[in-house]
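Protein chains in written order, with the numbering used here: chain A, 164 to 545; chain B, 9 to 168; chain C, 11 to 609. We put the CB at the ideal spot given by N, CA and C, even for glycine. Notes for the one structure printed next.
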Amino acid sequence: MSTIKEKKVVLGSYTAGSGLKAAFAMKPQEVIQLLIDSGLRGRGGAGFPTGLKWRFAANQKEPVKTVICNADEGEPGTFKDRVLLTEHIEKVLEGMIIAGYATGAAEGFIYLRGEYAFMLPVLESEIEKFNSKKLPFSFKISVRMGAGAYVCGEEFALIESMNGNRGEPRNKPPFPVQKGYLEKPTLVNNVETFATVSHILVNGADWFAQLGTDKSKGTKLFSISGDVQRPGVYEFELGVRLSDILEFVGAENTKSVQVGGFSGVNVAKDQFDRPIAFGELPPGGSIIVFNKDRNMLKVLKNILEFFEEESCGQCTPCREGSYQLLKGLEMIEKGEKSVRYYKELVTLCEVMKDSAKCGLGQSVPNPFLSIIENFKDEILYR
Amino acid sequence: MDCRTGALVSFIERSVKDHGAGRENLLPVLRDVNDEFGYVSGSALIEISRVMDISIGEIHGVATFYSFINVENKGSYVIRLCKTISCDMKGKEKIEKTLERELGIKFGETSSDGLFRLEYSNCMGMCDKGPAMLVNNKLFDSLTPESVLDIVSEYRRKRL
Amino acid sequence: MSEMIKVNIDGIDVEVESGSTVLSACEKAGVKVPVLCHHPDLNVAGVCRICLVEIEGVGALQASCAYPVTQPMKIKTKTDRVRKARRVNLDLILAEHYGDCYTCSRNGNCELRKLADEYGVDKFRFPHVQAPRYKKDTKSFSIIRDQDKCIHCKRCIRTCIDMQKVNVYETANKGHAVEIQVALNKSIADVVCINCGQCVNRCPTGALWTQDVSDQVWEDIENPDLFVIMQTAPSPRAAIGEEFGYAPGTRVTKRLNAAMRRAGFDRVLDTNFAADLTIMEEGTELLERLHKAIVLKDKKVKIPMFTSCSPGWVKFIEHYYPDYLDHLSSCKSPQQMYGAIIKTYYAEKIGVDPSKIRTVALMPCSAKKYECNRPEMCDSGYRDVDYGLTTREMAMMLKEAGLHLADMPLEEFDPVLGEGSGAGMIFGATGGVMEAAIRTVYELVTGRPVPFERLNIMPVRGMEAIKDATLKLENVKEEYKWLEGVELKVAVAHGTANAKILMEQLIEGKLDYHFIEIMACPGGCLGGGGQPIPTTPEIRLARAKAIYQEDEDIVIRKSHENPLIIKLYNEFLGKPGSHKAHDLLHTHYTKRGRYFVKD
Chain A
164 MSTIKEKKVV LGSYTAGSGL KAAFAMKPQE VIQLLIDSGL RGRGGAGFPT GLKWRFAANQ
224 KEPVKTVICN ADEGEPGTFK DRVLLTEHIE KVLEGMIIAG YATGAAEGFI YLRGEYAFML
284 PVLESEIEKF NSKKLPFSFK ISVRMGAGAY VCGEEFALIE SMNGNRGEPR NKPPFPVQKG
344 YLEKPTLVNN VETFATVSHI LVNGADWFAQ LGTDKSKGTK LFSISGDVQR PGVYEFELGV
404 RLSDILEFVG AENTKSVQVG GFSGVNVAKD QFDRPIAFGE LPPGGSIIVF NKDRNMLKVL
464 KNILEFFEEE SCGQCTPCRE GSYQLLKGLE MIEKGEKSVR YYKELVTLCE VMKDSAKCGL
524 GQSVPNPFLS IIENFKDEIL YR
Chain B
9 MDCRTGALVS FIERSVKDHG AGRENLLPVL RDVNDEFGYV SGSALIEISR VMDISIGEIH
69 GVATFYSFIN VENKGSYVIR LCKTISCDMK GKEKIEKTLE RELGIKFGET SSDGLFRLEY
129 SNCMGMCDKG PAMLVNNKLF DSLTPESVLD IVSEYRRKRL
Chain C
11 MSEMIKVNID GIDVEVESGS TVLSACEKAG VKVPVLCHHP DLNVAGVCRI CLVEIEGVGA
71 LQASCAYPVT QPMKIKTKTD RVRKARRVNL DLILAEHYGD CYTCSRNGNC ELRKLADEYG
131 VDKFRFPHVQ APRYKKDTKS FSIIRDQDKC IHCKRCIRTC IDMQKVNVYE TANKGHAVEI
191 QVALNKSIAD VVCINCGQCV NRCPTGALWT QDVSDQVWED IENPDLFVIM QTAPSPRAAI
251 GEEFGYAPGT RVTKRLNAAM RRAGFDRVLD TNFAADLTIM EEGTELLERL HKAIVLKDKK
311 VKIPMFTSCS PGWVKFIEHY YPDYLDHLSS CKSPQQMYGA IIKTYYAEKI GVDPSKIRTV
371 ALMPCSAKKY ECNRPEMCDS GYRDVDYGLT TREMAMMLKE AGLHLADMPL EEFDPVLGEG
431 SGAGMIFGAT GGVMEAAIRT VYELVTGRPV PFERLNIMPV RGMEAIKDAT LKLENVKEEY
491 KWLEGVELKV AVAHGTANAK ILMEQLIEGK LDYHFIEIMA CPGGCLGGGG QPIPTTPEIR
551 LARAKAIYQE DEDIVIRKSH ENPLIIKLYN EFLGKPGSHK AHDLLHTHYT KRGRYFVKD
């Protein structure tokens, strides 16, 4: 039985202003409780319970707070936010305003990746509509442009970038909700999270919570690209099986799938039946499909080169580790190192996961280990 | 080192006035200068330093962090071709060769007429419509060798 | 008040203030955790990932230097998991560290090498860099850089940008291509570096060092035609013992004198003498300025007057506040005054042709290398001071010659321009110049010694960032009656960040002092860029203690009572502020660029 339940939740129809109307009819704490009850988890990949994050932010005694929409969508294979920002912008903006209402923030920013500068004219005019609306509290939104740095999708790197610094993640704790933009409490959520919030406010917690699985409520946007007949953005209930997705988008002779982007895992044929949800295959949303003609070593090198360039460069395990993983792979390929050297690289992966300063460094081992485990013959024993 | 022109000085003063003089406005100011002059020169660094009271090294350190902020004159149009795997699988190599042949340069170089610079970039969020490239701030997707040649001609005619 | 929280580290219970780091809790519990990017003087970085610990309930390993204690926690610092992670991160750093230990300036005193030794590194786990990637930067008179040895700990950046606010360094690029470099990747000689060398003191490896002139000094010593005169400052004497295994703050002055003579220096002189000379000139200058301001109501005279003996501070104000140079005293530093006197008065006294004299100054300071090469510093008719030698260089020279301090007898300085007073001695500590000046100026004006027990002017002592004191001038001598009732307001600052605070107040017109001592280096000269490494607040305090102790042990504790000073004026200079004194002992300053050496 297909697990595909293509449900138009986030991509569904929406009456502009309906989310706001619903929110303002409730008290801020009630809005937060609603989100907690819905089970919504952050849609940027990390999956922190949204309602809980909002509660932490609301409880901060510091009066000056900021809401930031993380539109630095940079995970390779991800383009869902591009669609939301161009075709569903009202829900995103209303979600931000609702966040401001619930947590006590008066200012909202959209941190927009530099590559999406083409959206600016329309985006700014849409924002202007909301900024000129009369709201029951003061809240103004503006756009801050990124300038080409994948790591700025990490919430603290984003905040540092907004503070006028290099996008270098900070040590945690303290967390952004305690001390972030201009050292004040900052709520950072993904574009899709804000869009989903608007719908949940309109339709209620149960409507959302009945979808998906126990630990992964609701639906998720998937960006599907690679060797498929119908690439694009799709919305499925969480818990959907990868094999069903592959069939749905017209993937043929699939060799492997990169699930969750470059920071996710590589899934080979024997695992295609697994579901995508928190705790299962990573539900970041980026799905890159490779068919039988693709060279997995080339794919892995492409991935490692990406991380070696995009690491912020502060901490030893990520800066040096990404470099050594790529270099090690190349040396094994050229025969300069024996295959036994792979063992050292596995140890390096363990240490990177255990000691890198931020999620980027902790994730680099995922594609490395999963691709090589799946294709040992092709990559190591050539 | 300090060849601040009147145009540069007034531009930066205006940009800082628009965004604000606090440190948090550094990236917007850098982007403005980069968009207007094509890059952030040594003189621009000095003027930004003077107006925003941030040390030159820190400004330069921030500028070099971001791939799209140029700290040297790369030419009028910087072409950034996505080299991440999805675009790679959709025929980026053909686009690569077309560009190199058409402009007579290799990636990492600027054409002798100072118009075009070829660079690589990472995933631009156009994975369903690859290959893709940026020319300064403009994004072009679904590239073919023919469409790329058209784009280059349009820029040569300064129509874009 | 912060609440106390109980934590358990490796089975040991300890209570710490909420908000303090896990690392400090470990220190309190007596548990040693290795560090590379952490430094007690600097803000937190948390980038080297060596100080990792396991915290129960927290997923990944955490950097103890950054993780705050906000609730009771159980911490483990010695598990297999922790040791493996530390070791692999260390291996990653070593893989990119180019340069062999034998030829390195930090051979024997390198934090990276020490860690590698402690962790039993016996092979390169990862492919080791085979060839240099950078050119050494040796252009500056004071600081040299070997970027191949940089481990990206960012201590230099945090020192220069956050602690000293000079802003020479930057982190550039990202990814593996990230560089820790001088602003815009220029040579350090071409930017606003003030040569304070604080970065050198805190760098864990040989990536930063001071210019080494020991080879030239040896050459001059070997040259039978040349007469090499050494002058030593108090701060190296309070610290050089650390290079020979003595505890910080052990006084080794007399052994050092013996060692230097055996090394081949023809004369060994005490810079404290010149410090006394500086007090005479500067005290006179201060009184002159006050007279112009108070009696003549001259609006052009600049008050407050700043001390000018710290060449790091002088270059700081030349770059950043060039319009305020007239606030600096026109007096040279003791080192430079000495150089001028040595090649004139002293040369005559000992009957040596000054063109054959080479003056070497043993200083705690890296900026003195730049200072002695300033074009204007040749009032004697020759280069007044030929070489500035750091404490570390001197220790290296002595070890090279097999001269270990413990083996040396106790010897005095050479006479004639031999001894300084206790007042000259305390120049090495922050507040020392001020105290010495006040001891003289107060007595000059009132005829009485300063009203402090044993002449120790405590309000200007100590490691507080900015100190100040007020001294009422009452019942003054007849010739100074215009100062009757005046409250002399003085301030003392150390570290250029604090100098900046005062300068900003000056610009706003809110700096209400008459006389201000500024030292570029935290702690004063005893924390100078040429001093033994490492430097910590405790070490600097120990050196300060030694300096003040030596002051108490000297009979003459006021500059104006130094009989040799009196003799020098009588025989040669005339009186303080005389024409000759101005020629030889005073200098002028240069406006410099705010962004680069030449903007």
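Rounded to whole angstroms, the Cβ separation of C/Leu125 and C/Leu52 is 18 Å, and the two are not in contact under 8 Å. The stretch 245-298 of chain C is shown to contain whole alpha helix (DSSP H) runs of 4 or more residues at 263-273, in chain order. Interface with chain A (8 Å Cβ-Cβ cutoff): B/Val70 is included. Using a Cβ distance threshold of 8 Å, A/Thr417 and A/Val462 do not count as a contacting pair.
Here the C-alpha atom of A/Gly175 lies approximately 32 Å from the C-alpha atom of A/Asn222. Chain order gives no chain A residues near B/Tyr163, where near means a beta carbon separation below 9 Å; the closest approach is about 16 Å. Around the C-beta of C/Val565, fewer than 16 other C-beta atoms lie within 10 Å, and the residue is accordingly described as exposed.
Boundaries for C/Glu422: no beta strand (DSSP E) harbours it, and the DSSP string shows neither H nor E there. When DSSP reads this structure, A/His251 sits in no beta bridge, so it has no partner. Under DSSP, C/Asp23 takes part in a beta bridge, and its partners are C/Asn18.
Secondary structure of A/Leu203 (DSSP, three-state): coil. Residue ranges of uninterrupted beta strand (DSSP E) with 3 or more members, entirely inside the stretch 89-135 of chain B and ordered along the chain, are 124-129. Distance from the Cα of B/Met134 is smallest, within the candidate group B/Arg125, B/Val143, B/Ser150 and B/Asp121, for B/Ser150.
Shown here for C/Thr87: same chain residues with a beta carbon closer than 7 Å to its own, the five before and five after excluded, namely Ile19, Asp20, Cys36, Val41, Val43 and Val63 in chain order. Per DSSP, A/Leu275 is not a residue of any alpha helix (DSSP H); the beta strand (DSSP E) it occupies stretches across Glu270 to Leu275. By the Cβ-count criterion, C/Ile517 is exposed, with fewer than 16 other Cβ atoms from all chains shown falling within 10 Å of its own Cβ. At a cut-off of 8 Å between beta carbons, C/Tyr179 contacts chain B. The stretch 90-107 of chain C and the stretch 508-520 of chain A touch, with no fewer than 3 CB-CB distances between them shorter than 8 Å. Using a CB distance cut-off of 8 Å, A/Asp517 counts as an interface residue toward chain C. Looking at the DSSP output, C/Leu62 sits in a beta bridge with C/Ala73. Per DSSP, C/Phe525 is not a residue of any alpha helix (DSSP H); the beta strand (DSSP E) it occupies stretches across Phe525 to Met529.
Looking at the DSSP output, C/Met373 sits in a beta bridge with C/Thr400. Taking a cut-off of 8 Å for Cβ pairs, the stretch 440-459 of chain A and the stretch 162-176 of chain C do not touch, as fewer than three such pairs fall below it. For A/Ala220, the enclosing alpha helix (DSSP H) has its first and last residue at Thr213 to Asn222.
A/Ser419: member of the beta strand (DSSP E) spanning Thr417 to Val422, first to last residue. Rounded to the nearest angstrom, the Cβ distance from C/Leu218 to C/Ile161 is 11 Å, too far for a contact under 8 Å. Between the stretch 384-399 of chain A and the stretch 240-249 of chain A there are three or more C-beta pairs closer than 8 Å, enough to call the two in contact. Here C/Val395 is buried: its Cβ has 16 or more other Cβ atoms, across all protein chains shown, within 10 Å. Per DSSP, reduced to three states, the secondary structure at C/Tyr179 is strand.
Look at A/Met308: its C-beta is under 8 Å from a C-beta on chain B. By the Cβ neighbour-count rule, C/Thr294 is buried, with 16 or more other Cβ atoms within 10 Å of its own.
When the five nearest sequence neighbours on each side are left out, the beta carbons in the same chain lying within less than 8 Å of the beta carbon of C/Glu328 are those of Leu335, Tyr599, Thr600, Lys601 and Arg602, in order along the chain. Selection A/Ile304, A/Thr249 and A/Ser406 evaluated against A/Phe281 yields A/Thr249 as nearest (Cα-Cα). Under the DSSP assignment, C/Trp228 falls in the alpha helix (DSSP H) whose first and last residues are Ser224 to Glu232. For B/Tyr74, the C-beta contacts it makes with chain A under 9 Å involve Gly277, Gly309, Ala310, Gly311, Ala312, Cys315, Ser324, Arg329 and Gly330, in order along the chain. A distance below 7 Å between beta-carbons, with the five flanking residues on each side excluded, links A/Asp540 to no residue of its chain.
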